[in-house]
Structures are given as structure tokens and as C-alpha cells.
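Residue numbers (this note's numbering): 203 to 1160. Cβ atoms here follow ideal geometry from the backbone N, Cα and C, with glycine treated the same way.
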Amino acid sequence: MSLIHETDFGTPRSKSQTMVTLTIDGQSITVPEGTSIMRAAMEAGTQIPKLCATDMVDAFGSCRLCLVEIEGRAGTPASCTTPAMNGLVVHTQTERLKKLRKGVMELYISDHPLDCLTCAANGDCELQDMAGAVGLRDVRYGYDGENHVFAKNNGETNAAWMPKDESNPYFTYDPSKCIVCSRCVRACEEVQGTFALTISGRGFDSRVSPGMNEAFIGSECVSCGACVQACPTATLTEKSVIEIGQPEHSVVTTCAYCGVGCSFKAEMRGEEVVRMMPYKDGKANRGHSCVKGRFAYGYATHKERILKPMIRESIDNPWREVSWDEAFKFAADKFKGIQQKYGRDAVGGITSSRCTNEETYLVQKLVRAGFGNNNVDTCARVCHSPTGYGLATTFGTSADTQDFDSVEDTDVAVIIGANPAAAHPVFASRLKKRIRQGAKLIVIDPRRTEMVHSAHIDALHLPLLPGTNVAVLTAMAHVIVTEGLVNEKFVRERCDWDEFQEWADFVSLPKNSPEATAIMTGVDPKALREAARTYATGGNGAIYYGLGVTEHSQGSTTVIAIANLAMATGNIGRPGVGVNPLRGQNNVQGSCDMGSFPHELTGYRHIGIDSVREQFEAAWNVKLNPEPGLRIPNMFDAAIEGTFKGLYVQGEDILQSDPNTKHVVAALSSMECVIVHDLFLNETANYAHVFLPGSTFLEKDGTFTNAERRIQRVRKVMTPLNGLADWEVTIQLGKAMGFEMHYNHPSEIMDEIAALTPTFAGVSFAKLDELGSVQWPCNEKAPEGTPVMHMNGFVRGKGKFVLTEYIPTDERTGPRFPLLLTTGRILSQYNVGAQTRRTENVVWHAEDRLEIHPHDAEQRGVRDGDWVRLASRAGETTLRALITDRVAPGVVYTTFHHPDTQANVITTEFSDWATNCPEYKVTAVQISPSNGPSEWQKAYEEQARHSRRIAPVVEAAE
203 MSLIHETDFG TPRSKSQTMV TLTIDGQSIT VPEGTSIMRA AMEAGTQIPK LCATDMVDAF
263 GSCRLCLVEI EGRAGTPASC TTPAMNGLVV HTQTERLKKL RKGVMELYIS DHPLDCLTCA
323 ANGDCELQDM AGAVGLRDVR YGYDGENHVF AKNNGETNAA WMPKDESNPY FTYDPSKCIV
383 CSRCVRACEE VQGTFALTIS GRGFDSRVSP GMNEAFIGSE CVSCGACVQA CPTATLTEKS
443 VIEIGQPEHS VVTTCAYCGV GCSFKAEMRG EEVVRMMPYK DGKANRGHSC VKGRFAYGYA
503 THKERILKPM IRESIDNPWR EVSWDEAFKF AADKFKGIQQ KYGRDAVGGI TSSRCTNEET
563 YLVQKLVRAG FGNNNVDTCA RVCHSPTGYG LATTFGTSAD TQDFDSVEDT DVAVIIGANP
623 AAAHPVFASR LKKRIRQGAK LIVIDPRRTE MVHSAHIDAL HLPLLPGTNV AVLTAMAHVI
683 VTEGLVNEKF VRERCDWDEF QEWADFVSLP KNSPEATAIM TGVDPKALRE AARTYATGGN
743 GAIYYGLGVT EHSQGSTTVI AIANLAMATG NIGRPGVGVN PLRGQNNVQG SCDMGSFPHE
803 LTGYRHIGID SVREQFEAAW NVKLNPEPGL RIPNMFDAAI EGTFKGLYVQ GEDILQSDPN
863 TKHVVAALSS MECVIVHDLF LNETANYAHV FLPGSTFLEK DGTFTNAERR IQRVRKVMTP
923 LNGLADWEVT IQLGKAMGFE MHYNHPSEIM DEIAALTPTF AGVSFAKLDE LGSVQWPCNE
983 KAPEGTPVMH MNGFVRGKGK FVLTEYIPTD ERTGPRFPLL LTTGRILSQY NVGAQTRRTE
1043 NVVWHAEDRL EIHPHDAEQR GVRDGDWVRL ASRAGETTLR ALITDRVAPG VVYTTFHHPD
1103 TQANVITTEF SDWATNCPEY KVTAVQISPS NGPSEWQKAY EEQARHSRRI APVVEAAE
């Protein structure tokens, strides 16, 4: 193995369809119009020396190293800023150019430390490379004059020198090595869109500055790593490179955090990760990253990770470390005993949205064929199950209609119930770039998120009251229909016209107007009408939504309402448009695709369809139960009733992530055997009897499917520290249960999935290795996948319009609980925090805080930073207040990343009418001052401490 080197063409690719031909160093080359001479030369195999140019950002032309000569033109223009044109004759190497480049390099080196042998960038320094490329052998200018290199000049303090900034936990900034190429500044602006960096000073005093000469940690920097990646010297360097050294080989794999599915090169020394570098050929991220994927991989080797199987008879006992064989036998005996005593349906399993497709497939196979029932569900139940129902009803498929590249053709973007800047930051950067190019942005959210106002972006914000999504979207439809903005041609050709007319009549009713619904939604009717008109008439309109849509009692209805809008305006079936659910976890789409719901096999085919079920029965050599099994909430209810007694949970912390924590505790406490298969002793493990140590994405082979239906390879870069990959654990558990599954490698599991799943029929590891990734459906009709769905018609045939009557949630405010709580995520943390809390990301978010409007805080005598009691009908907790006007009066907001807060002790069991997705986003609460943790929190912490005891291993006497 060796390092994967990606060609840097110096400037971005031109999208022009017009071609031009020029001659470079005697070689004729044809390139798209708008291509720089530098890029054209690189495509012809000639690398022109450069320092300020890189193909991730626009040309800048400041370093004066990439000079060329063009016949018939005076001077020596910069090749990065000079476009290729028909008939140009370019020379990249002449005596004149050689002298100019050497002179430029001399000036750079004269104000640069010459500590190359001990520099962290030694072997990976473009300044070093360019000095060699131009043939620099001597520097005529010494350090006697002004410089930025030494802390002292002639024994006196050097005012131009600045100390190294090591405040960021992941990288350092050494100003003495900065050549002021501005690549970091431009990457922050053009790629990330944060605008956290600038060049302060003029001339010799110019230097890179985070904010107003702040430390990186205190600036607006979001630690995405784009600046570090762009830096051609050791000015910005990963601390891991400083500590470990330069990597010696790399492996392309896929990030295990959010649903964007970024591709990375895991750069290694042996089996140690040196750094994660965004992969430019990754079609989801195009070479960009966020703080989590780029830096927060340290949890894989964290000291709290459990590496040995453990068992115990009772949750009151300490854990006992055992061999894998003993753990499998103990678990299998427990489950078989439960089924003998309580019946076949008394056990079940929950698949993980963090594990691979292959591992998820095996868990549902084990439940259906090994346990003999369909009691299998996934965490998508509590996040995007309404997406599956709503889009399948209207379009015929349960997934995103576009690829992420589609955003580059979007003219109007609507974000509802999502905060991509925090939860899907790499996609947010691409969207913000499109907005800065002139596209319009509409944000429908109770909170003023980072997407509403950011650098050079000012969105139209509709701050609705939590729980009124359906009313807002139906009001938008009212405007579109009553003002004649419907794309009638599209509707007549692609949708059921009778159903459309019934829907149009419904949304046209006066009760659905923006003015009539304003009393419920709190949205200004003028702003809502402007949003509707902009979406319907502004060109390509795309809707992006998240858990703020699905986690409601009308989650499925809201998804249907979104689909109705897209069909009515013809914003479906081409690049730049579509309905795009932003999936929360790395493989939540894949877990659904793999048949993790109790009523569906792979590819969303119902278990009750004989022809479908018979396919699986033949492949698995077992008879399957045709009746759908229990959903997660049903499992909990059945456990409390005494009929459900055993649960296998793979990679999911249901105690922290599911609503009404007290109810979940009661359910888990009622079970006789809970098997937790995870990396750490999570909150669910407090009530477990078997702990099977899991493996990280760095230790396994397989595939993830991201939010855009993109299937990508996950590749093993190190040996599993626990000894087994997760797919092997499930196989061994099945074997102990008496159900054999024979696979030698995850590629064989994917082959079985492809054979049984029409949308995956053309997928194989070999194809993924060849193409990099594919988007399902991938089959004979689409052998290389399907970037954009429904281009020539809907999967279901005609698009289906469905009436969306607004029905207020049963969770109401009142005198006891006058405020509405809604929840969400923050950039530096992920989901329940099991991974990110065990990294340096805690520097930015060490605790969950409660956002409260100044008016509500003043009424309750709460100051910023005070401990407050947060109480609902379900329970109470305490946390510290954060006073802000990002939330409206009457609305409070918190995150759910830290188990000591246990925000879900507050949330109730109200759920979506169609899918049982919990209503996390609307909870009636009251806030009052507090002195610290509640009695429930203290009791919970004590139980957790008691439950996590591990008995010391007694060595056998010789």
C-alpha cells in the first residue's frame, strides 16, 4: 500500500460545453472554454510551479510563480488567472521564466524558517517542492533585516514575529511559516463559507488572522479543516501529524457520522491513523469536510471503549468479562429460554443506523429467520420513518430524489425543520455557496438557525410555532393554487389530475389561507405569501427537510405536504429541484433499505406479499412469518405488559435517544435479557445482561448509504481492537442460536442483498471499487445508478396528491406548562454523543444548554448561565440556561448530546399517526430556577454508576 495522491490542477474545472484548442510547450490540447492555462497544462501532463493556486478555490494570482509566456503577448501573465483560448501558443519554461521564478522563490525563502528536517511538513511541503522545481540552490538575501522568523532580532524583541497558536485542539497555526498565499482565507470563504479568516495588515505586515487577531479557538472558525488542507506549508498543521509524523499509506473510506456520507482518505502509519483527509473524488463531499469527520475519530481508541465481551445475570450485579464463546452461549441460552417460556414472539432486535448495510441486513435476517418473528426495527423509527411513508405514498419511493450536486443548479432552496449548518455541515457549505452565487433561500424553522443569517446570506425566515408545519405548507399551497402558479402542464402529464383537483379545492379553502392560519402558526402572512411565490416562480426549486418535519404527530402529513408542493410546481425529476430529506446518521437510509422495519423486507417490500417472502425463504432456507412484527414503541409496551422479554440492540442507545426516558427504563427493566452490541457502555447498557463489544468504521469492510441514496465503500484500515467486526459478531450469535449464516467477507453479503433486492441488483463491491459509488436504483435499467429520481415518471406511475388537513397535536401548552420545547443538534456533537463526547470536540460543547428568550427568562428570574428546572408532564431535568433571541418568546430549545442532562426524560409518547415516530419537537414545559441536578438525575447517575461496575479479572493460580 502507498499514499493515494490526488492531482491538484491548480484551478477549478470549467463546466462550459464549448471547447477551445491551444498549444502548450508544443503540445496541442483541447479543454472547455474558461479553463485556465495552468489547468490545461496540468491536463496535458505539464505541472507549472505554483503556490497560491489550488483547484479547490478560484484563481488568485498572487504568488507570481506560475508565470508563462504567450506568443504575441507582452509580459509574463499568471497561468492560473489567464484563460485558455483558441490558437494560443504557450511556453511554460524559458530562460526568462526560470530567472523570474528563482527570484520569486528567493524572496519567499528569505523570510521563511529553514528548519526543514525537523518541520512537521517535511516531505509534504509545497514550498519545499517548488524550491526544487525552480532549481533554487542559493538565497542571496539573509535574515539581517526585518523578518517574521525569529522572536528576537539582534538581541531585541522582534515585533513582526508572532508565537504559534495552539489553541485549537486539532491543529496549530505558526505565523512564522506563513507565505501569505491566502489559500486558507479563500478556502474558508469559498469552500466552507464561514469567512472566519482574513489577511490583516499591508505589505510586509500582512498575515493571516482569525477574526480580529483572535486565537483560533475563540474565533468564528468551525474547525472544518479546509484551511489546513489548503495550506502549502506547515503554517497550519494537524497536531496528529506533528506528534506521529507523515503518513506512509492511505485507504479511501466513508465517514461514520451524519447522512452526508463524506469520502475520506484515512492516512496511516501502520495501523495508526495519522489524519483523515477529505477525498476530492468523493461525490458527496467533493473534497470538503467538517470538524467531526475530519478530526473527531479519536473515539476509536478511547480508553472507555469496551474490548471484551461481558455478561451478568442481573443488572444489579457487576459485569464479568468472558470469552466470545461464553458470551454467545450465555446470550443464546437466555433467548432460547425466553422463547420456550413466553413464546417465539417474546424476543426481537433493533438494527443500527451507524453500522454497515451488510451488518444491518444480517441483524434483520437473524431476527426473521433465526428468532422466527418479524420483531425488528431501527432507529429510523424515531427519525425518518415518516419520510418512508410520505414519499412512498406520493412518489412511490422512500428516499431523496436528487444527488447533492443538484444544489449547484438550484435557484430557490427551501429548508424546513433542518439546520444543515449544524447537522449536515458539508452540504450546508455547498448550499451556502450556491446562495452566495445568487440563489434564494427560504428557512421555515421556529429558531433563527445558522442558515438564516450568515456571511453574505440573508434568508427569508418563517419562524413558525412548533407543531404547525402542515398549516404553513398548506397555506403555501393555497397561495400557489389561488394565484395561478401551478405548473399545470407537469401536473396533467405526471400526476393524477382528479386527485390534484380535489387537493386544489381543499387548499383553496379560506381556512387554509396565510391570513387564516397565522393565528395558529405565528407566521406573517405577507412573508408566507412571498415565500410561496418565490418557490413557485423562482426557477428550480428544491426542498430540504430534516427531523423538524418528521418528529411530529403529523410528521407523515408534513412529508406529504412537501411532496404536494413539489408536484404542483413541477419541481421534481430534474437537476436543481426535488424533495430532499437530510438523514441524520451515516447509514439511516441504508438501515431502511436493508429491511429493518417490521413490515418490510429489503427494498421496502411488504413481508405479507407471498412472492416476495418466498424469494427470501428460498435463499435463507427457512419459513418466514408473514405477519409484521413489533415496532420499537410496541416492544416497550409489550415488555411492560410482560409479553416481550428479550432484545438484541446493535449500535443504538435507545435509553438516551428514545422519548419518555422513564417509560424506556420501565420497559428495559421488565426484560429478562437485553443484549447491547456497541463500542461503549452506553446508557442502554445500564439495563443490559450481555455486552458484545462492537467495532468502529475504521475496523470493518462494508458499505454505507447516505441521504442521497449513494452507496459507498467502507474499508478496513486497522484490525478490530475487540477481535471481531460487527458482521462477524452477529453471525456467531446466530450460530449459537442454531441459525447458521455462512459468509467469508462482507462482499458476499452484498451479493446476497443484490440478488434479493431489485433496487440493488447491480451493486457489488467490484462495481463500487470501479465507480467509487452508485446511487440506487442500480440495476439493468440503470447500471451506473440513478442520481436523479422520477425524471421520466414517478416510480408509482402517476404522482399522488393527498389532502393534508392540519390537526393540532395533543401536546398543548397551558397554565402549568406554558412554553414549547423543541430539540436539535449542534455542530461539534453528534446524536447521543457516544462518539463525539470522547473526542476533543467537547471543547466547543461540554454540556447541553437550554436556549430561552430574554423576555421568558426575565419573567422567571433566570440569568444567563443559571441552573434551571425544565419540567413537562413526563418528567423533569436541570441544565444551564443560555439567554438568546434565536428562539421566539414562548419557545425554548435544547440539544440531546449529553446523558447527564437526559433531555428525553422531558419528551412525551405522542407520535406520528402513521409511523409512531415520536414527537420530539413539541413538548409543553415550564422553566424555573434551580440549584442543580434534579433528584431524578441524581438517582439516574447513581444507578448508572452502580450498573457499570466491572468485576476484576481473577487470574488462575498456577
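Does DSSP put residue i in a helix, in a strand, or in coil?
i, result
"L1197", "A query on residue 1197 cannot be resolved here, the shown segment of the chain reaching from 203 to 1160 and no further."
"S425", "coil"
"Y746", "strand"
"T284", "coil"
"D179", "In the structure as shown, the chain starts at 203 and stops at 1160, and residue 179 therefore has no counterpart that could be examined."
"L267", "coil"
"R477", "strand"
"S631", "helix"
"S204", "coil"
"G236", "coil"
"V919", "coil"
Is the closest heavy atom of the ligand ATP to the C-beta of residue i under 8 Å?
i, result
"F406", "The model depicted lacks the ligand ATP and carries no ligand whatsoever."
Is residue i buried or exposed, if buried means 16 or more other CB atoms sit within 10 Å of its CB?
i, result
"G590", "buried"
"H992", "buried"
"F406", "exposed"
"V990", "buried"
"H490", "buried"
"K713", "exposed"
"W521", "buried"
"D1012", "exposed"
"Q1061", "exposed"
"E560", "buried"
"I508", "buried"
"D928", "buried"
From the DSSP output, which residues share a beta bridge with residue i?
i, result
"F708", "DSSP, once it has assigned bridges, lists no residue as partnering F708."
"N671", "According to DSSP, N671 bridges with nothing at all."
"D367", "Y375"
"L1052", "A1083, T1096"
"F893", "M512, V878"
"W1069", "R1082"
"G228", "DSSP, once it has assigned bridges, lists no residue as partnering G228."
"D1174", "Nothing in the structure corresponds to residue 1174, since the chain is present only between 203 and 1160."
"D579", "I552"
"Y850", "G551, I877"
"W521", "I1152"
First and last residue of the beta strand (DSSP E) that includes residue i?
i, result
"F967", "First-last for F967: 967 to 973, but that is the alpha helix (DSSP H), not the beta strand (DSSP E)."
"H451", "451 to 456"
"I617", "614 to 618"
"P434", "No beta strand (DSSP E) holds P434; DSSP gives it neither H nor E."
"L399", "399 to 402"
"L1022", "1021 to 1026"
"I644", "642 to 646"
"G780", "780 to 783"
Measuring alpha carbon to alpha carbon, tell me which residue in the options is nearest residue i.
i, options, result
"H1099", "E1111, R1071, D860", "D860"
"T723", "Q791, D647, E273, R696", "D647"
"Y1032", "V1004, N827, T1097", "T1097"
"Y343", "L329, T1015, K304, D376", "K304"
"P480", "T455, Q817, R471, F1019", "T455"
"G427", "T374, K567, N773", "T374"
"F532", "P979, F893, M258", "F893"
"K635", "A389, D971, Y889", "A389"
"T213", "D257, I206, T400", "D257"
Along the chain, where does the alpha helix (DSSP H) that runs through residue i open and close?
i, result
"G495", "493 to 497"
"C794", "790 to 795"
"T739", "727 to 739"
"P948", "948 to 958"
"L302", "297 to 312"
"F530", "526 to 544"
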